[in-house]
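What follows is one structure encoded as structure tokens, with my remarks underneath.
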Amino acid sequence: MPTSKRIKKERLLQLILNSTDQGIYGVDTKIKCTFINKAALKMLGYKENEVIGRDMHNLIHSKHEDDTLYSKKQCPIIKTLSTGKGTRLDNEVLWKKNNAHFHAEYSSFPIIKNGKISGAVITFNDITERKHIEEQLQDIKNKFSSLFGSKAIGVYVIEKNGQISQANDYFLKLISRSKKDLAKGLSLEKITPLEYKRIDEQKINSILRSKEIPPYEKEFITPDGKRIPVIVGGALIEKSNAIMSFAIDISTRKKYENLLKESETRFRTALINSPVTVFNQDKDLVYTWADYFSKFFGSKNPIGKRDQDLIDNKTDAERLTKIKKEAISLKKSIRREIKVRHKGKTNYFDLTLEPTFNQQGLISGLVGGIIDITREKKLRQSLLESEERLAMAIDASNAGYYEHSVPARKGFVSNRWSQIYGYNLDEIPPITKIRKWWLTKIYKKDKKKTYSTYKKLLRGEITSFNLEYRIKHKTSHLKWIRSFAKASHRDKKGRATYIVGLEFDITSQKNAEISLKESEKRLQAIIDTSPALIALKDTQGRYIVVNNQFSKFFKQPKNKFIGKDDYSIFPKKVANVVAKNDDKIIRKKQTLRFEETYSNGKDKKVFISSKFPLLDSLGNLYAIGFMATDITERIELENRKDEFISMASHELKTPITSIKVFTQILQRQTKNTRTNNAKLYLKRMDSQINRLSNLINELLDVSRIQSNKLLLNLGKININRLIKELVENIQATTDSHKIIIKGSSKNKIIADKDRIEQVLINLLTNAIKYSPKGNKVLLRIKDNKDNITISIKDYGMGIPKKYQAKIFERFFRIDDKRFSASPGLGMGLFISKGIIEKHNGKIWVESKVNKGSTFYFTLPKKSIKLKSAKS
Ligand code: ADP
Numbered sequence: 009m010p011t012s013k014r015i016k017k018e019r020l021l022q023l024i025l026n027s028t029d030q031g032i033y034g035v036d037t038k039i040k041c042t043f044i045n046k047a048a049l050k051m052l053g054y055k056e057n058e059v060i061g062r063d064m065h066n067l068i069h070s071k072h073e074d075d076t077l078y079s080k081k082q083c084p085i086i087k088t089l090s091t092g093k094g095t096r097l098d099n100e101v102l103w104k105k106n107n108a109h110f111h112a113e114y115s116s117f118p119i120i121k122n123g124k125i126s127g128a129v130i131t132f133n134d135i136t137e138r139k140h141i142e143e144q145l146q147d148i149k150n151k152f153s154s155l156f157g158s159k160a161i162g163v164y165v166i167e168k169n170g171q172i173s174q175a176n177d178y179f180l181k182l183i184s185r186s187k188k189d190l191a192k193g194l195s196l197e198k199i200t201p202l203e204y205k206r207i208d209e210q211k212i213n214s215i216l217r218s219k220e221i222p223p224y225e226k227e228f229i230t231p232d233g234k235r236i237p238v239i240v241g242g243a244l245i246e247k248s249n250a251i252m253s254f255a256i257d258i259s260t261r262k263k264y265e266n267l268l269k270e271s272e273t274r275f276r277t278a279l280i281n282s283p284v285t286v287f288n289q290d291k292d293l294v295y296t297w298a299d300y301f302s303k304f305f306g307s308k309n310p311i312g313k314r315d316q317d318l319i320d321n322k323t324d325a326e327r328l329t330k331i332k333k334e335a336i337s338l339k340k341s342i343r344r345e346i347k348v349r350h351k352g353k354t355n356y357f358d359l360t361l362e363p364t365f366n367q368q369g370l371i372s373g374l375v376g377g378i379i380d381i382t383r384e385k386k387l388r389q390s391l392l393e394s395e396e397r398l399a400m401a402i403d404a405s406n407a408g409y410y411e412h413s414v415p416a417r418k419g420f421v422s423n424r425w426s427q428i429y430g431y432n433l434d435e436i437p438p439i440t441k442i443r444k445w446w447l448t449k450i451y452k453k454d455k456k457k458t459y460s461t462y463k464k465l466l467r468g469e470i471t472s473f474n475l476e477y478r479i480k481h482k483t484s485h486l487k488w489i490r491s492f493a494k495a496s497h498r499d500k501k502g503r504a505t506y507i508v509g510l511e512f513d514i515t516s517q518k519n520a521e522i523s524l525k526e527s528e529k530r531l532q533a534i535i536d537t538s539p540a541l542i543a544l545k546d547t548q549g550r551y552i553v554v555n556n557q558f559s560k561f562f563k564q565p566k567n568k569f570i571g572k573d574d575y576s577i578f579p580k581k582v583a584n585v586v587a588k589n590d591d592k593i594i595r596k597k598q599t600l601r602f603e604e605t606y607s608n609g610k611d612k613k614v615f616i617s618s619k620f621p622l623l624d625s626l627g628n629l630y631a632i633g634f635m636a637t638d639i640t641e642r643i644e645l646e647n648r649k650d651e652f653i654s655m656a657s658h659e660l661k662t663p664i665t666s667i668k669v670f671t672q673i674l675q676r677q678t679k680n681t682r683t684n685n686a687k688l689y690l691k692r693m694d695s696q697i698n699r700l701s702n703l704i705n706e707l708l709d710v711s712r713i714q715s716n717k718l719l720l721n722l723g724k725i726n727i728n729r730l731i732k733e734l735v736e737n738i739q740a741t742t743d744s745h746k747i748i749i750k751g752s753s754k755n756k757i758i759a760d761k762d763r764i765e766q767v768l769i770n771l772l773t774n775a776i777k778y779s780p781k782g783n784k785v786l787l788r789i790k791d792n793k794d795n796i797t798i799s800i801k802d803y804g805m806g807i808p809k810k811y812q813a814k815i816f817e818r819f820f821r822i823d824d825k826r827f828s829a830s831p832g833l834g835m836g837l838f839i840s841k842g843i844i845e846k847h848n849g850k851i852w853v854e855s856k857v858n859k860g861s862t863f864y865f866t867l868p869k870k871s872i873k874l875k876s877a878k879s
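So the sequence shown is numbered by our numbering: it starts at 9 and just counts up by one.
What follows is the structure in structure tokens.
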């Protein structure tokens, strides 16, 4: 071939070589590069002059992908040079100038010249991308086949016409079909129960829009009619418009769910009449399902709604939502009491929330239960109120209050309870230890009794107790406690499970009670040992108490009197007197003394009975006390004494009268004698005899008055003249006092002249006698409407108040040195009183110590009838 032609051919070749994107280069027998095209240089990153003449194996092919040596002996390209046969390799690694590598498809062909191998031409392609795609494909293939071979998921392909074209073994088993059945033709419709036809269609139609079918629950049906619950889903295989589907058997889950549903049904039937609502909400708190919702919010259908759409009161709806969000965010079940105001009503609910999770363990929503507890709440509130009221009442009663929940070892003690023991609430041990603590506080002598009673209550042998025991107060004083306790709840065996108790500090009452008992005992002892008859009667006159002496005197045991009145004990005559006296006490509410005579059948005895009213704190009379001293003997003695005095005075009167007569005879005989001595002595004798005779007369008068035998010799008297003559006579015997008469009477009265004179003499001589430092005595006569009052006033020592009534008693003389200086026998005033009273008059005294006394007596103008004038 001529050179020019050759060159032309070479250029053409060059052009062809460079227009392809396949890498091409040539080597000689020594593998040295003879030419290389642009695509090859680009892929390898070299320039032409860096490659030509170089050993191409060493340059681009000396290492495997893992950097291990690729020897020339193994190199198929070099083999081509020795064998003359072409080689093709799918995947070889070629190294670039920058030491990076790529996967290449690679082939070599020998150049034969004149029947001899002169070199080789190598072509290659970068297959990195293709390889990558291939790998991905493989991956998908692997995955698919593993899915297909899965023993847990049914995999099947639904064709456009609804036929199942492919299915894995698991799926076929699930629907109880064989590979043969599949080959014969199996439609989706055939394996699906009628009621799921529509949802299947819907889901399949939607796939064109979203390319996938989100999982949903349905059932397949086996040839023998068994239903298989499944979750199915799928994705579009785009080119073929077929659907790659999967099915997960959920029959075991369903089985449990059904069981659950059954028990739920039972549960629901039980609940249907109770105010319970159950619901399901998704995680956005939209209701997806609810039962008995009407009980909660009326007839609204809550599905698809939120609480905000359902509850009138926004605050309550928000609060409810907040709680639900909390359950979701904390992934925890929550139980709360909530208040919901809706349609003008306020209801209280017990809300239980339970978060639900999907299979991935993510929160999917909530299930909840709502129980209407409005009624209970209101009951509880009113209970609380009444409890509060009770607590107030307890506080007001000053009682300490405690509760003991036995098995729970819980309880409560009120502030006051601990205060009774002397402690503040924060000073006492926690409630679980309080029983032990309490035991240490009980006084040792009462511990056994107290604790065993409490134990009895715990064991149910008693249902309550009312106990008194002593405790050690914080100050270590002993205190009396009254303790009431009651088992408010008991278990089946009757043991107390809940005890409530009240404790009162009764120390002061108890002390009072004890001292009362003691003083009662003392009093009873005094009463019983008293020689007096003592009794208490109620206002109806029935005996409440009688003493030993009383029962001894009437010869009856004490209890014979109790509850009886005097009429059933004494003869009517005695009872009448007694009742009359009792009446006076009831009317006057004063202590009074009476002389009463009682008979015990054998003896008749006289008593001085002191009767006194017993008044309560309000001044009401509730009983009459009676204390009688037997004075029979004293009276007898006095009577004997009186008899003696009267006899003695009578006996004395005769000899004295004789002596008087003899003295007068002697005086007459010595009238003319000169011996003055005899005359003088006889005169003195006469006056002493007069005194003696007066004394005896007085004694006789006393006896007469005492025995009511004083007789009056009545007559008309002129009191003015009587007084004038008498005063003149008395004035004649004294120089020390001037007796002044004031006033006069215009009346003539009927009286015993001698006896009135006797009274006047007595009062005037006393006035002089008991006013030794005085110098006058005032006698006043005064006319009144019905009587004449005569008063005798002295300026003497006076009479102390306490003696003013007593001086009119028989033989009474003031037993005081200051007042008893003057001689006397204490008969004058007694006789004067007797005389005046016999005249139906009155006698009394007004006196002030050291100032003097005024004695008054009255004489009635007309009451004394002349009938007594005879005596
Ligand atoms: P007597 O003989 O003791 O005077 P009376 O019966 O006349 O007895 O008096 C009784 C007592 O009353 C006297 O002992 C005296 O203490 C007191 N008494 C009577 N009159 C007066 C008087 N005018 N002033 C003070 N004391 C009097």
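Each residue gets a CB set at the ideal place from its N, CA and C atoms; glycine is no exception.
Spatial neighbours of residue i within its chain, please: CB distance less than 6 Å, with the 5 preceding and 5 following residues excluded, ordered by chain position.
i, result
"D573", "G549 and R550"
"T296", "N288 and D290"
"V857", "G806 and P808"
Excluding the five sequence neighbours on either side, which residues of its own chain have a C-beta within less than 8 Å of the C-beta of residue i, listed in chain order?
i, result
"K732", "I749"
"I331", "I342, R344, I346, L359 and L361"
"N795", "G849, T866, L867, P868 and K869"
"R503", "V414, L466, R467 and G468"
Quick check on residue i: does DSSP put it in helix, strand or coil?
i, result
"R343", "strand"
"L25", "helix"
"G836", "helix"
"A335", "helix"
"T505", "strand"
"F561", "helix"
"M64", "helix"
"L216", "helix"
"E246", "coil"
"E272", "With a pLDDT of 49 at E272, under the threshold of 50, the modelled position of this residue cannot be trusted; read the value that follows with caution. Of the three classes helix, strand and coil, the one that applies to E272 here is helix, per DSSP."
"Y114", "strand"
"P663", "helix"
"V785", "strand"
"L475", "strand"
"N795", "strand"
"F569", "coil"
"N519", "helix"
"K875", "The pLDDT assigned to K875 is 41, lower than 50, so where the model puts this residue is not dependable; a value taken from the coordinates is nonetheless given after this. K875 falls in the helix class under three-state DSSP."
If I measure Cβ to Cβ from residue i and keep anything under 7 Å in the same chain, skipping five residues before and after, which residues do I get?
i, result
"W882", "The chain is shown from 9 up to 879; residue 882 falls before or after that span and cannot be answered."
"L674", "L690"
"Y459", "L447"
Tell me, to the nearest whole angstrom, how far the beta carbon of residue i is from that of residue j; I am working on the premise that it is less than 8 Å.
i, j, result
"T131", "I32", "5 Å"
"I552", "A631", "6 Å"
"L718", "R712", "4 Å"
"V294", "G312", "6 Å"
Just checking residue i against the ligand ADP - is the residue's beta carbon closer than 7 Å to any of the ligand's heavy atoms?
i, result
"N755", "no"
"G836", "yes"
"R705", "Looking at the sequence itself, residue 705 is Asn, so the reference to Arg does not match. Every heavy atom of the ligand ADP is 7 Å or more from the Cβ of N705, so no."
"N770", "yes"
"D802", "yes"
"L833", "yes"
Between the segment 715-730 and the segment 799-809, are three or more C-beta pairs nearer than 8 Å? As far as the Cβ criterion goes, the segment 715-730 does not touch the segment 799-809, which means the pair count is below three.
Taking contact to mean at least 3 C-beta pairs separated by less than 8 Å, is the segment 512-522 in contact with the segment 594-603? No, they do not touch.
How about the segment 603-614 and the segment 544-563: do they share at least three Cβ pairs that are nearer than 8 Å? Touching, yes, given that three or more Cβ pairs across the two stretches are closer than 8 Å.
Are the segment 178-191 and the segment 205-218 in contact at 8 Å, needing three or more beta carbon pairs? Short answer: they don't touch.
Could you check whether the segment 737-751 touches the segment 766-780, counting it as contact only if at least three pairs of C-beta atoms, one from each stretch, sit closer than 8 Å? Taking 8 Å as the limit for Cβ pairs, the verdict is that the segment 766-780 does touch the segment 737-751.
Could you say if the segment 487-507 and the segment 466-478 meet the contact criterion of at least three C-beta pairs nearer than 8 Å? Contact between the segment 487-507 and the segment 466-478 is present: three or more C-beta pairs spanning the two stretches fall below 8 Å.
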